[in-house]
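So the protein lines, in turn, are chains A and B. Residue numbering for the first sequence follows the numbering used here, beginning at -4 and increasing consecutively. Residue numbering for the second sequence follows the numbering used here, beginning at 71 and increasing consecutively.
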Amino acid sequence: MARRERLLYLLMLPAGIVFAAFFLVPLGQLFLIGGGGKEGWAAYGAIVTNRNYFNSLVSTTLLSTGVTVATLAISGVSGVFLTRNRFRGHAALVAMLTLPLAFPGVVIGFMVIMLGGRQGVIGDIAHWLTGERLVFAYSMAGLFVGYIYFSIPRTILTVMAAAEKLDPKVEEAARSLGAGPLRVVKDVIVPGLKPALLSAGAICFATSMGAFGTAFTLATRINVLPVTIYGVFTDQANIAAAAALSFVLGVLTWAVLAIARTAAGSTVAAAG
Amino acid sequence: MTRRGPAFWCLLGFTLCVCAFLIVPVGMSMLAGVTVNYQAGIESGFTLRWVGQVWDGYSDTIFRSIGIALACLACTLVLGVPAAYVLARKQSGLARAIEELLVMPVAIPGLATALALIVTYNTLGNFRTSWTFILVGHVLFTLPFMVRSVIAVMGAIDMKTLEEGAASLGAGFAQRFFGVVLPNCRSGILAGSLMVVTLSMGEFNMTWLLHTPLTKTLPVGLADAYASLRLEVGSAYTLVFFVMIVPLLIGIQVFARPVELGARTARP
């Protein structure tokens, strides 16, 4: 028996060695280098004390919060609707809504350009309606649209999975007791979906905080943290500052996911 | 639920709008990739010129991405499936902590992982300039998806009883692992494999920092094309990418339980 137990751990060894050598050790190294620059360990406080970095942190947080709220609202409505109603084309609609699940950020940036770029379809529609072209892709608004685009598919899946488990009888009871539709949503559906919304929201928030590809495609001037870090690393070649900032960002996104997982009380896989 | 009032049609309309928001740009970029002049519209005619231009300029990135994705799949299979087996069997606090640790490369931004790899291995021989440097990043990022999807399947079947049955018939460990364990979790391995290949083909956040001019991957080439070439060429390149990735995504929808997927996907 003891030999079998030892054998079991032996099976984990290759993964453990690779993980330690290429993730744990480099992460430790990143931490040390972050504190080894001109400013020393104060570099870890720079995200708050340096005005540029702090502005970047604030705008990234605001953007991510906005994206999370909008995504939860949109996916919540559509997800519950799709769970409660079956109709012709239902499966196809769900398939289309979840197709962009694993599109990379650069491609999503390009999708935003197709929508709101200089030759974008929304610009065409606005031009046709008002006579003026609407170009929003190359700014914070474009980033907002891109992150929503990215977050909707997986949030809808999470909401649908949770809504499937809600008991429609509770809603019927509330209705028969005289609750209006809004009251049912507020007092029955939203509390029932709370754990799912919390975990989906945390993933959405953490993803938006750390995303790089979409911002990179749209414009490198958008002031969000990953772009700022990239600039510090390449343009200023300030490796210590870049290391410290990215380490702090990593701790931040990881903590958001960990807190939400504890709060939601379920073992939801992390993704960032 | 069967009576369809105005609320139903409102919500259906809303959901269709969301769907259009997601799908219309995909269709438009595919169309733009084969249109002579996108600004002039499809009246300007269709052409494969842009696709040809992409092929001439970027075919190496396509083959490199396929190569890295397959190598990444091989690594995650060899490393991930045995690890998942141990974690599923143990189910102790330690096993959960290890699982949590394995997921970290997905939870923290790719930028941070890439920087960590660069500051550590920058000076190690030719490693920095080799395609294996990118492979390492991709393996870290995709390994949790393989491990989790295999654990999910192992948790759903009574592996212990199956194994004990085989053991009582005299099967050794290797025979049990390859003859009983692996065949029983092939659905999880398949779902995990599709996810790994899809994510590796599309990985950009890390790869952008890890690549060198001689080790460009498809998404790196895409970013290049978006920044410097005309819209039609960028679209044609995206079209090529979609042709490669959409079958994989459909495979994921068919073979993986969507419920599990919601929580574990990539980042933009």
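Beta carbons: idealized from backbone N, C-alpha and C, even for Gly. Here the structure is a predicted model, which is why all the values come from computation and not from measurement.
With the rule of 3 Cβ pairs closer than 8 angstroms, the region 217 to 234 of chain A does not count as touching the region 83 to 98 of chain A. Identification of chain B residues near Ile120 (chain A) by a Cβ-Cβ cut-off of 7 angstroms yields none; the smallest Cβ-Cβ distance measures about 11 angstroms. For Val189 (chain B), at least one C-beta of chain A is nearer than 8 angstroms to its own C-beta. For chain B, the residues of the region 194 to 215 of chain A that bring a beta carbon within less than 8 angstroms of one of its beta carbons are Ser194, Ala195, Ile198, Ala201, Thr202, Met204, Gly205, Ala206, Phe207, Gly208, Thr209, Phe211, Thr212, in chain order. Against Gln24 (chain A), the close residues of chain B are Ala186, Val189, Thr190, in the order they occur along the chain (beta-carbon pairs closer than 7 angstroms). Sequence-distant partners of Thr199 (chain B) (beyond 5 residues in either direction) whose C-beta falls short of 8 angstroms from its own C-beta, in its chain, are Thr282, Leu284, Thr285. For the pair of segments examined, the region 133 to 140 of chain A was found not to touch the region 148 to 164 of chain A: the number of CB pairs separated by less than 8 angstroms stays below three. Against Met98 (chain B), the close residues of chain A are Met109, Val116, in the order they occur along the chain (beta-carbon pairs closer than 8 angstroms).
Taking the beta carbon of Ala293 (chain B) as reference, the chain A residues within 7 angstroms of it are Val101, Phe211, Thr212, listed in sequence order. Residues of chain A with a Cβ closer than 8 angstroms to the Cβ of Gly180 (chain B) are, in chain order, Gly205, Phe207. From the beta-carbon of Val20 (chain A), the residues of chain B found nearer than 7 angstroms are Thr190. In this structure Gly304 (chain B) touches Phe105 (chain A) by the C-beta definition: roughly 6 angstroms separates them, less than 8 angstroms.
If you check the CB distance, Val62 (chain A) and Ser203 (chain A) come in under 8 angstroms.
Within chain B, the residues placing a beta-carbon under 8 angstroms from that of Met106 (chain A) are Pro95, Val96, Ser99, ordered along the chain. Residue contact with chain B for Ile28 (chain A): present (Cβ-Cβ distance below 8 angstroms to some residue of chain B). By the rule that beta-carbons nearer than 8 angstroms mark a contact, Met91 (chain A) touches chain B. Scanning A:Ile217, A:Val243, A:Tyr4 for the CA closest to the CA of Leu164 (chain B) turns up A:Tyr4. Using a CB distance cut-off of 8 angstroms, Arg300 (chain B) does not count as an interface residue toward chain A. Leu19 (chain A) sits away from Pro152 (chain B), with the two beta carbons spaced by 8 angstroms or more. Between the alpha carbons of Leu213 (chain A) and Ile108 (chain A) lies a gap of roughly 7 angstroms. For Met135 (chain A), the closest Cβ of chain B is not nearer than 8 angstroms. For Ile224 (chain A), the nearest beta carbon of chain B is closer than 8 angstroms to its own beta carbon.
For Arg170 (chain A), the uninterrupted alpha helix (DSSP H) segment begins and ends at 163 to 171. Looking at the DSSP output, Phe116 (chain B) bridges to B:Thr105.
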